[in-house]
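In the working numbering, the protein residues as written are 81 to 519.
Here a beta-carbon is modelled for each residue, glycine too, at the ideal position from N, C-alpha and C.
For clarity, every value in this text was computed on a predicted model and none was experimentally measured.
Here the structure comes first, spelled out in structure tokens, and everything after it is commentary.
Below is the structure:
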């Protein structure tokens with residue numbers, strides 16, 4: 081599959097200058113490559129495009145390992161590869177589910193590329209769940225985050241267990257102070273677009289909004305009402321703060337997803353799905369949500385708590401204005417707060433309107449359907465079930481995602497109650513299933 085065909089498959093007209101340079105560095109040289117570019121500039125595609133062309137499609141062994149700091153980035157990177165339509169097989173490996181379950185998946189899939197977190201990859205290698213002897217390329221995505229999160233020992237052990245590695249590709253939105261010796265870069269080509277772009281891309285407008293009170297909830301609510309139906313991520317620094325703010329917003333009638341590291345994997349997946357399909361238009365998160373989440377159409381970033389450092393600021397704001405889209409970032413400043421010293425740009429004052437609009441209501445709701453690919457259920461089956469049994473029109477159904485054992489479907493929020501009533505006890509392809517709302 082040619083580069084032109086792959087871009088057409090992704091509905092992309094042309095690569096950015098960073099992507100073109102990274103593509104050439106990986107594809108046409110034998111050297112290690114370090115790519116530094118702002119969040120949202122398309123680094124995942126920048127390494128996957130050349131990587132897939134270097135994979136031997138006739139070799140069933142694992143040939144490339146992509147090391148990521150967290151589960152979400154593993155899943156989203158694997159999804160980008162799937163959308164590319166190259167025919168290569170991939171697997172995502174991460175904590176939060178049993179290694180035995182993943183081992184079965186690896187045996188069935190026979191992946192040529194594995195996206196995984198350091199600890200889980202070490203676990204599979206120690207148990208010889210896949211052969212390391214075909215691995216010639218290693219990618220470390222968000223390598224600065226991997227180093228920050230204390231993965232040094234795990235990454236050192238992982239890289240030492242891959243004897244056949246010839247190429248290393250490192251990617252990050254910010255430069256690391258020092259790249260550890262165990263990564264063993266050999267005369268690396270550096271593709272650096274951080275200085276050119278500044279801290280954040282020019283298409284992101286930066287604002288400050290003053291709160292008269294130290295507790296900024298009322299100001300946050302007024303801002304979100306002013307922003308209307310647009311998609312907003314609200315960042316806070318602590319898990320309990322996320323829960324407090326999310327609970328308050330829910331009580332005010334907003335469609336909210338909350339996200340932090342203390343939630344179990346299913347709850348985090350539900351939250352991401354609700355936000356990405358329009359069932360919630362406010363995503364309240366710790367900085368866990370500032371890394372590796374590629375959610376299209378995020379219009380606004382709201383710093384309820386100020387970012388703790390420059391890296392955190394860059395990754396937060398990078399959730400909007402992705403590629404060439406426009407976005408906005410708002411800093412809600414309390415009586416004693418000021419713009420952090422590490423932010424270079426000026427913040428424009430944002431004035432709330434005299435009359436605050438009503439609370440926007442999500443147009444979609446999300447249904448959980450308890451059957452999936454393993455039950456021979458497809459998107460078409462879900463669509464037919466919701467139309468025939470659920471009484472919906474096709475125009476009232478949005479995004480449908482079918483997982484191995486379950487499926488999600490976005491439907492008109494006004495129709496949720498009727499769909500639940502209509503599908504109670506109904507079968508999909510002759511199989512009884514659970515249909516319930518994702519709250």
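Within a 10 Å sphere around the beta-carbon of residue 436 sit fewer than 16 other beta-carbons, which makes this residue exposed. Here the alpha carbon of residue 285 sits roughly 6 Å from the alpha carbon of residue 407. Residue 459 carries a helical assignment under DSSP once its states are collapsed to helix, strand and coil. Judged by DSSP in its simplified three-state form, residue 444 adopts strand.
When rounded, the separation of the alpha-carbon atoms in residue 432 and residue 301 is 11 Å. For residue 338, no alpha helix (DSSP H) segment is defined; the enclosing uninterrupted segment is the beta strand (DSSP E) at 336-339.
Annotated as distal: residue 271 and residue 160, with beta-carbon spacing of 8 Å or more. With a contact defined as Cβ atoms closer than 8 Å, residue 204 and residue 226 miss out at about 18 Å. Nearest to residue 169 by C-alpha distance, out of 417, 352, 139, is 139. With a contact defined as Cβ atoms closer than 8 Å, residue 422 and residue 393 qualify at about 7 Å.
Three or more beta-carbon pairs separated by less than 8 Å link the stretch 307-319 to the stretch 354-369, which places the two stretches in contact.
By the Cβ-count criterion, residue 511 is exposed, with fewer than 16 other Cβ atoms from all chains shown falling within 10 Å of its own Cβ. DSSP places residue 411 in the uninterrupted beta strand (DSSP E) bounded by 407-413. Cα atoms of residue 196 and residue 333: separation of roughly 38 Å, rounded to the nearest angstrom. Taking all protein chains in view, the Cβ of residue 329 is crowded by 16 or more other Cβ atoms within 10 Å, so the residue is classified as buried. In the pairwise beta carbon analysis, the stretch 142-150 is classified as not touching the stretch 101-118: fewer than three pairs are separated by under 8 Å.
Per DSSP, reduced to three states, the secondary structure at residue 195 is strand.
The beta carbon of residue 128 sits closer than 8 Å to the beta carbons of 157, 160, 161, 164 from its chain, once the five residues preceding and following it are set aside; these are given in chain order. Looking from the CA of residue 430, the closest CA among 273, 291, 92 belongs to 291. With contacts defined as CB atoms closer than 8 Å, residue 242 and residue 212 qualify as a contacting pair. From the listed residues 233, 218, 84, the smallest Cα separation to residue 244 is found for 218. With a cut-off of 8 Å on Cβ pairs, the stretch 503-517 is in contact with the stretch 453-469, counting three or more such pairs. The Cβ atoms of residue 325 and residue 384 lie closer than 8 Å to each other. Of 98, 123, 102, 166, the smallest CA-CA separation from residue 85 is found for 166. Taking a C-beta distance under 8 Å as the contact criterion, residue 340 and residue 365 qualify as a contact pair. Minimum Cα-Cα distance from residue 495 among the listed residues 182, 193, 443, 483 corresponds to 443. Rounded to the nearest whole angstrom, the CA to CA distance from residue 419 to residue 327 is 27 Å. Taking a contact as a CB-CB distance under 8 Å, the pair residue 185 and residue 171 counts as one, their CB atoms being some 6 Å apart. Here the alpha carbons of residue 485 and residue 297 stand approximately 39 Å from one another.
When 460, 120, 451, 91 are compared, the shortest CA-CA separation from residue 400 is found for 120.
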